[in-house]
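Remarks on the structure that follows.
Number of protein chains: 2
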Amino acid sequence: MATIKDVARIAGVSVASVSRVLNNGPKVSKKTIENVLKVVKDLNYTPNANARALVTQKSTTLGVVIPDLIDPFFASLANGVEQVARQKNMQLLLSTGLVSAETEMRAINLLIERRCDVMVVHSKKLSDQALIDLANKVPGLVLIDRYIEEIAQRCVWLDNLEGGKIAARHLLALNHQSFACISSKHQIDDPLLRLQGFQQELKSAGVDIEESLIEYGEPTLQGGEMATQKLLASGKRFSALFVYNDAMAIGAISTLEDNGFKVPSDISVLGFDDVLLSRYSRPKLSTLNYPIEEMAMQATNIGLELTAKQADMNKNSNYKHIPRLVKRESTNYKL
Amino acid sequence: MATIKDVARIAGVSVASVSRVLNNGPKVSKKTIENVLKVVKDLNYTPNANARALVTQKSTTLGVVIPDLIDPFFASLANGVEQVARQKNMQLLLSTGLVSAETEMRAINLLIERRCDVMVVHSKKLSDQALIDLANKVPGLVLIDRYIEEIAQRCVWLDNLEGGKIAARHLLALNHQSFACISSKHQIDDPLLRLQGFQQELKSAGVDIEESLIEYGEPTLQGGEMATQKLLASGKRFSALFVYNDAMAIGAISTLEDNGFKVPSDISVLGFDDVLLSRYSRPKLSTLNYPIEEMAMQATNIGLELTAKQADMNKNSNYKHIPRLVKRESTNYKL
DNA sequence: TTGAAAGCGCTACCAG
DNA sequence: CTGGTAGCGCTTTCAA
Numbered sequence: 018m019a020t021i022k023d024v025a026r027i028a029g030v031s032v033a034s035v036s037r038v039l040n041n042g043p044k045v046s047k048k049t050i051e052n053v054l055k056v057v058k059d060l061n062y063t064p065n066a067n068a069r070a071l072v073t074q075k076s077t078t079l080g081v082v083i084p085d086l087i088d089p090f091f092a093s094l095a096n097g098v099e100q101v102a103r104q105k106n107m108q109l110l111l112s113t114g115l116v117s118a119e120t121e122m123r124a125i126n127l128l129i130e131r132r133c134d135v136m137v138v139h140s141k142k143l144s145d146q147a148l149i150d151l152a153n154k155v156p157g158l159v160l161i162d163r164y165i166e167e168i169a170q171r172c173v174w175l176d177n178l179e180g181g182k183i184a185a186r187h188l189l190a191l192n193h194q195s196f197a198c199i200s201s202k203h204q205i206d207d208p209l210l211r212l213q214g215f216q217q218e219l220k221s222a223g224v225d226i227e228e229s230l231i232e233y234g235e236p237t238l239q240g241g242e243m244a245t246q247k248l249l250a251s252g253k254r255f256s257a258l259f260v261y262n263d264a265m266a267i268g269a270i271s272t273l274e275d276n277g278f279k280v281p282s283d284i285s286v287l288g289f290d291d292v293l294l295s296r297y298s299r300p301k302l303s304t305l306n307y308p309i310e311e312m313a314m315q316a317t318n319i320g321l322e323l324t325a326k327q328a329d330m331n332k333n334s335n336y337k338h339i340p341r342l343v344k345r346e347s348t349n350y351k352l
Numbered sequence: 018m019a020t021i022k023d024v025a026r027i028a029g030v031s032v033a034s035v036s037r038v039l040n041n042g043p044k045v046s047k048k049t050i051e052n053v054l055k056v057v058k059d060l061n062y063t064p065n066a067n068a069r070a071l072v073t074q075k076s077t078t079l080g081v082v083i084p085d086l087i088d089p090f091f092a093s094l095a096n097g098v099e100q101v102a103r104q105k106n107m108q109l110l111l112s113t114g115l116v117s118a119e120t121e122m123r124a125i126n127l128l129i130e131r132r133c134d135v136m137v138v139h140s141k142k143l144s145d146q147a148l149i150d151l152a153n154k155v156p157g158l159v160l161i162d163r164y165i166e167e168i169a170q171r172c173v174w175l176d177n178l179e180g181g182k183i184a185a186r187h188l189l190a191l192n193h194q195s196f197a198c199i200s201s202k203h204q205i206d207d208p209l210l211r212l213q214g215f216q217q218e219l220k221s222a223g224v225d226i227e228e229s230l231i232e233y234g235e236p237t238l239q240g241g242e243m244a245t246q247k248l249l250a251s252g253k254r255f256s257a258l259f260v261y262n263d264a265m266a267i268g269a270i271s272t273l274e275d276n277g278f279k280v281p282s283d284i285s286v287l288g289f290d291d292v293l294l295s296r297y298s299r300p301k302l303s304t305l306n307y308p309i310e311e312m313a314m315q316a317t318n319i320g321l322e323l324t325a326k327q328a329d330m331n332k333n334s335n336y337k338h339i340p341r342l343v344k345r346e347s348t349n350y351k352l
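As given, the protein sequences belong to chains P and D, one line each in that order.
The first sequence begins at 18 in my numbering and counts up one residue at a time.
The second sequence begins at 18 in my numbering and counts up one residue at a time.
So, in structure tokens, the structure goes:
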């Protein structure tokens, strides 16, 4: 592949001049510009971004760390970052496959090796301290979907507790009195907080939720189906079901209807996240909107500011987001 | 950020030695290894991949070009590449946002600038010739979901025509005799070929499909809904509907049921692609499986071989894939 | 307006 | 087994 030297030689100018026209540098004669551009085209020359990154000390690269690409939630997150990337003429470097603290750390390190200017990291397994250390090492690192007080100005997160409360208020307002919950068995804070918020708000209204009406499962369609079967097997009745996420909720509806319960006339089902899926389900899923794409864009922009040192670093900055209720068809007034 | 020189200086050895222990080079004393490793850890040193790429002339980077991240079909494609990437200790560089030949070309060029070792490209807008030129310039470039005879050994593709035929055979075998089709209005070959195959096989069985029972729409849920409305508005009856893709098929089912038709008892609906969505729909969607993830992995491996020059370059290689019928609940025997 | 040259961080070759 | 050093392709002074 042709190098800048080849271009210089054939154009009969110095590499410095070639570099100047390539970077719209100042003080280049029109003649040189045209000359160089012609040779660039003839040789089909493409500058080497690695060499460029080495000397300029910036990679024009945005790193993203997510568990996987298949989950539409994470796809939306990546998409948010990608939008900013395109707008800023930068490239997306992706690290996935996160199952443990070790793999998360590995994914992040690979991005550091590549010297990404900014990194948007979705980490659930690494410790607060590990993440704080990382943030100190990498100026452009921003956490998404996680809150750590010591680096609050580097965290873009959703208030899951409040989300649970909003869910409870919605169902309460629809006159429901007997509730069930499906949570995730994954060991992260999110499901715990959503459930806590839900229970707290219920309790404020003088309603308790029986232990046997709280089930746990994998945060997938199948997980939702299995948890619902266990719920049904308890023999206890309920008219409203709050589910950890949309995929599980859709699985729950499936199982409910297979067992002769109509949604929402017999049982109202409320999901969480508002992924694309929720608009495809029948009945269309009522859920809480998690503005992940918007949050990803914000996180990316914060990272960009951080690296440009334009950041005010005002500790007052608050990147907390509140989920928004999206009422569709799966929740209804309890007669 | 610490460099290899810092490590060398503090460890009291040469940069050459540091490089050796970092790359498991041969002939390094245990003492040196331990010494260097300690300093690496103390300094929290991370090697610079850009510098490495510059000297070794390989980036350990896999490039992927897809239209977007949101469509689960493309997410699966990216996921296939990512799996190979992880396995080979390489990184994923992603380029999206393809809407025209220009943006496709731009996305590919960005990847070339980064000197990706292999590039898996999903291009629908660029001309055959442009792609052939690109393939000649980039040894590790492989096309996915497209077939160009001149570079057949660099193309991993699906036989859409055969897919249409398989669809027709399935519906015919279920005793259907009156058919409708929903195709995509996007100007690419895939929808055309699927429809052609469908019609060809029908004709072989002596069945014709009326022009008014072929509708076109955007390849989305809404597109499927709208196309179905138009179909219904024609007043013509049909018992089997073949739809361009799963999202449209789910939209079609939605509209069909809203208009009092039961799926599959009144009308059988058959999708295409077998994205995750199809397992979430009610009734579960019968569809044709497009093994995109598997194909992406194959494409990546071909690219890897191509760059390693291990490629046999045997013109006989055939990377054609045939979709596989997945019978679920949305198609049934016509009484 | 242009060219020469230093050097980004690293690997790999050659001596020792 | 180890160190010195050339050079990957590029940008960016500094002089001319």
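Ideal placement from N, C-alpha and C gives every residue a C-beta, glycine not left out.
Being a predicted model, the structure only gives us computed values, none of them experimental.
Taking the beta carbon of residue i as the centre, do at least 16 other beta carbons fall within 10 Å, making it buried, or is it exposed?
i                         : result
alanine 70 of chain D     : buried
lysine 220 of chain P     : exposed
asparagine 276 of chain D : exposed
glycine 223 of chain D    : exposed
arginine 254 of chain P   : exposed
glutamate 232 of chain P  : buried
arginine 341 of chain D   : exposed
alanine 250 of chain D    : exposed
glutamate 119 of chain P  : exposed
glutamate 167 of chain P  : exposed
serine 298 of chain P     : buried
asparagine 67 of chain P  : buried
serine 93 of chain P      : buried
isoleucine 339 of chain D : exposed
aspartate 290 of chain P  : buried
aspartate 225 of chain D  : exposed
alanine 264 of chain P    : buried
Ordered along the chain, which non-local residues of its own chain (more than five positions away) have a Cβ less than 8 Å from that of residue i?
i                       : result
serine 285 of chain D   : Leu188, Leu191, His193, Ser256, Ala257, Leu258, Ser303, Ser347, Thr348, Asn349 and Lys351
glycine 29 of chain D   : Asn52
arginine 131 of chain D : Ser76, Thr78, Gly80 and Leu110
proline 64 of chain P   : Ile21 and Leu39
alanine 95 of chain D   : Val81, Ile83, Leu86, Leu109, Leu111 and Ala313
Note down the Cα distance separating residue i from residue j, rounded to an integer number of angstroms.
i                         : j                         : result
cysteine 172 of chain D   : leucine 143 of chain D    : 15 Å
isoleucine 149 of chain P : isoleucine 129 of chain P : 15 Å
serine 295 of chain D     : arginine 103 of chain D   : 28 Å
asparagine 50 of chain P  : isoleucine 309 of chain P : Note that residue 50 of chain P is isoleucine in the sequence shown, not asparagine. Their Cα atoms are separated by approximately 45 Å.
threonine 245 of chain P  : glutamate 242 of chain D  : 30 Å
histidine 139 of chain P  : aspartate 85 of chain D   : 20 Å
proline 178 of chain D    : lysine 301 of chain D     : The residue you asked about is not proline; residue 178 of chain D is leucine in the sequence shown. Computed Cα separation, rounded: 24 Å.
lysine 47 of chain P      : serine 36 of chain P      : 15 Å
isoleucine 27 of chain P  : alanine 19 of chain P     : 11 Å
asparagine 318 of chain P : serine 117 of chain D     : 27 Å
threonine 73 of chain D   : valine 159 of chain P     : 31 Å
cysteine 198 of chain P   : arginine 163 of chain P   : 23 Å
Might you give, ordered along the chain, the residues of its own chain that have their beta carbon closer than 6 Å to the beta carbon of residue i, omitting 5 neighbours on each side?
i                        : result
proline 43 of chain P    : none
glutamine 108 of chain D : Thr78
alanine 185 of chain P   : Phe215, Glu218 and Leu219
serine 200 of chain D    : Pro208, Leu212, Tyr233 and Tyr261
What residues in its chain sit with their C-beta under 7 Å from that of residue i, if we drop five residues either side in the sequence?
i                        : result
glutamine 100 of chain P : Met314
valine 32 of chain D     : Ile21, Lys22 and Ala25
glutamine 217 of chain P : Lys182
valine 280 of chain P    : Ile270, Leu273, Glu274, Val286, Pro300 and Ser347
Given a limit of 8 Å on CB to CB distance, which residues of the region 299 to 320 of chain P reach chain D? Arg299
Positions along the region 102 to 116 of chain D whose CB lies within less than 8 Å of some CB in chain P: Arg103, Gln108, Leu109, Leu110, Leu111, Ser112, Thr113 and Gly114
In the region 209 to 228 of chain P, which residues sit with their C-beta less than 8 Å from some C-beta in chain D, listed in chain order? none
The region 189 to 208 of chain D: positions lying closer than 9 Å to chain P by Cβ: none
Scan the region 122 to 137 of chain P for residues whose Cβ lies nearer than 7 Å to a Cβ of chain D and list them as they occur along the chain. Asn126, Leu127, Ile129, Glu130, Arg131 and Arg132
Under 7 Å, CB to CB, which of the residues in the region 226 to 251 of chain P have a partner in chain D? Leu238
Is there contact here, the region 54 to 72 of chain D with the region 112 to 129 of chain D, by at least three beta-carbon pairs under 8 Å? no
With 9 Å as the C-beta to C-beta threshold (strictly closer), list the residues of the region 55 to 80 of chain D near chain P in chain order. Asn61, Thr63, Pro64, Asn65, Ala66, Asn67, Ala68, Arg69, Ala70, Leu71, Ser76 and Thr78
For the region 260 to 291 of chain D, enumerate the residues whose C-beta is nearer than 9 Å to any C-beta of chain P, in chain order. Ala264, Ile267, Gly268, Ile270, Ser271 and Glu274
Residues from the region 151 to 176 of chain D in contact with chain P, defined by Cβ distance under 8 Å: Lys154
Positions along the region 332 to 345 of chain D whose CB lies within less than 8 Å of some CB in chain P: none
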